[in-house]
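First to last, the sequence lines map onto chains P and W. Under this note's numbering, think of the first position of the first sequence as 1, with each following residue one higher. Under this note's numbering, think of the first position of the second sequence as 114, with each following residue one higher. These notes are about the structure you will find just below.
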Amino acid sequence: MQNEERLTPPECELEEVLGNIKPAGTSIDRDLLMFRAGQSSARHRSRVWQFSTGLLIIVLCWSLWSRPMPETIERTVYVKVDQPGQSKAKPPAASLATLEWRVNGKWHELKLD
Amino acid sequence: MGLIVPAQLSSWFDDYSPTLVLYARQWLPVESAEDVVQDTFIRLMSQPREPANIRAWLFRSVRNAAISQLRLQGRRKKHERQLAADRQQNLFEHRTEDLIDASELQVALESLPQEQREIVVLRLWAGMTLRETAEVVGEPVSTLFSRYRSGLAALRRKLELSCKTKNA
Numbered sequence: 001m002q003n004e005e006r007l008t009p010p011e012c013e014l015e016e017v018l019g020n021i022k023p024a025g026t027s028i029d030r031d032l033l034m035f036r037a038g039q040s041s042a043r044h045r046s047r048v049w050q051f052s053t054g055l056l057i058i059v060l061c062w063s064l065w066s067r068p069m070p071e072t073i074e075r076t077v078y079v080k081v082d083q084p085g086q087s088k089a090k091p092p093a094a095s096l097a098t099l100e101w102r103v104n105g106k107w108h109e110l111k112l113d
Numbered sequence: 114m115g116l117i118v119p120a121q122l123s124s125w126f127d128d129y130s131p132t133l134v135l136y137a138r139q140w141l142p143v144e145s146a147e148d149v150v151q152d153t154f155i156r157l158m159s160q161p162r163e164p165a166n167i168r169a170w171l172f173r174s175v176r177n178a179a180i181s182q183l184r185l186q187g188r189r190k191k192h193e194r195q196l197a198a199d200r201q202q203n204l205f206e207h208r209t210e211d212l213i214d215a216s217e218l219q220v221a222l223e224s225l226p227q228e229q230r231e232i233v234v235l236r237l238w239a240g241m242t243l244r245e246t247a248e249v250v251g252e253p254v255s256t257l258f259s260r261y262r263s264g265l266a267a268l269r270r271k272l273e274l275s276c277k278t279k280n281a
């Protein structure tokens, strides 16, 4: 024991004699204690799972909210419509209508049959 | 230091529960003292890790819980009546081989001032070093040592025990 050297020999002997006397036993129900301790431990662990699940839900919601929006591509579509009386010529049998549009300054044409 | 397993708890319960109850009975009657000790073991099991010094942790927790409960009770007179009735119950085991009668020791111990009695219990029956005792009580080692010596001297006077006489 610490500072043992500072105790006198009679004090050491008294210490030894008194230390040999045992405290009375307790009436604590050991089984009940172990059961309640197990419950307490399990409750603590389930809180860990609840916490981690909650955290995952928050992360998932945040990632859905903050994800980049889909890119919008704007296109101008010109539809060629024949003026009445301007052209009497029949359109070629193969194409009934033609669509033209421009993307990035380049003209594209689509013939609809 | 990992998680506490039930086998460890069981072993600590066997080793420390009688002394913890003895310690708590300085402030509380026996039933409340046992409740405090039981709650302390349950709280120990819910700790995320095993405390570095389990013995100091247990005694410090019991001390804090016992003092808190004493303050909460408030009804001081009722509490004192309970403690007086409680003195009928034994603090120590009666064994024929012991050199000192357990009842006499109980009377002598209960007559000590509380601050001396606390150190004597921690040192003699909990087997703590003065440094561990200081950790539990939160006071300097030198103060505790002088208190301990005074407590031993008072016990000797009460028990009318002389080490030399016993050895003779």
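Backbone N, C-alpha and C fix where the C-beta goes; we use that ideal spot for every residue, glycine too.
{"Query": "Of the listed residues Q139/W, V134/W, S159/W, nearest to V149/W (C-alpha basis)", "Result": "V134/W"}
{"Query": "Extent of the continuous alpha helix (DSSP H) run through V118/W", "Result": "Looking at the DSSP string, V118/W is not in any alpha helix (DSSP H), and its letter there is neither H nor E."}
{"Query": "Chain P contact for N177/W (CB, 8 Å cutoff)", "Result": "no"}
{"Query": "Residue burial classification, P119/W (beta-carbon count within 10 angstroms, cutoff 16)", "Result": "exposed"}
{"Query": "Within 8 Å of chain P by C-beta, residues of the stretch 120-142 of chain W in sequence order", "Result": "L122, S123, F126, S130, P131, T132, V134, L135"}
{"Query": "Residue ranges of each alpha helix (DSSP H) within the stretch 239-266 of chain W, 4 or longer", "Result": "243-250"}
{"Query": "A146/W, buried or exposed, once every other Cβ within 10 Å from all chains shown has been counted against 16", "Result": "buried"}
{"Query": "First and last residue of the uninterrupted beta strand (DSSP E) at V79/P", "Result": "76-79"}
{"Query": "R102/P - DSSP class collapsed to helix/strand/coil", "Result": "strand"}
{"Query": "Chain W within 8 Å of T26/P, Cβ atoms only", "Result": "yes"}
{"Query": "Contact check, L18/P vs I155/W, beta carbons under 8 Å", "Result": "no"}
{"Query": "Residue interval of the alpha helix (DSSP H) (run including W170/W)", "Result": "167-186"}
{"Query": "CB contact check: S41/P to chain W, cutoff 8 Å", "Result": "yes"}
{"Query": "Amino acids of chain W, ordered along the chain, whose beta-carbon sits closer than 7 Å to that of L55/P", "Result": "None at all; the shortest Cβ gap to chain W is about 17 Å."}
{"Query": "Residue from I58/P, I73/P, T72/P with nearest C-alpha to M66/P", "Result": "In the sequence as presented, Met is not what sits at residue 66/P; that position holds Ser. The shortest C-alpha separation from S66/P is found at I58/P."}
{"Query": "Status (buried if at least 16 other CB within 10 Å, exposed otherwise) for I21/P", "Result": "buried"}
{"Query": "Residues that P70/P bridges to, as DSSP identifies them", "Result": "In DSSP, P70/P forms no bridge with anything."}
{"Query": "Member of L183/W, Q182/W, N203/W, E217/W whose CA lies at the smallest distance from the CA of R269/W", "Result": "E217/W"}
{"Query": "Between the CA atoms of M34/P and S123/W - distance to the nearest angstrom", "Result": "8 Å"}
{"Query": "Any chain W beta carbon closer than 8 Å to M1/P", "Result": "Any reading at M1/P is ruled out, since the residue's pLDDT is 48, under 50, leaving its predicted position unreliable."}
{"Query": "Under 8 Å between C-beta atoms of D152/W and A169/W", "Result": "no"}
{"Query": "Chain-ordered residues of the stretch 213-224 of chain W with a beta carbon less than 7 Å from chain P", "Result": "I213, A215, L218"}
{"Query": "Straight-line Cα distance separating R236/W from G264/W", "Result": "11 Å"}
{"Query": "Which of helix, strand or coil DSSP assigns to P23/P", "Result": "strand"}
{"Query": "C-beta atoms of L204/W and R162/W nearer than 8 Å", "Result": "no"}
{"Query": "T153/W: first and last residue of the uninterrupted alpha helix (DSSP H) it sits in", "Result": "143-158"}
{"Query": "Spatial distance of V103/P from Y78/P (CA atoms)", "Result": "11 Å"}
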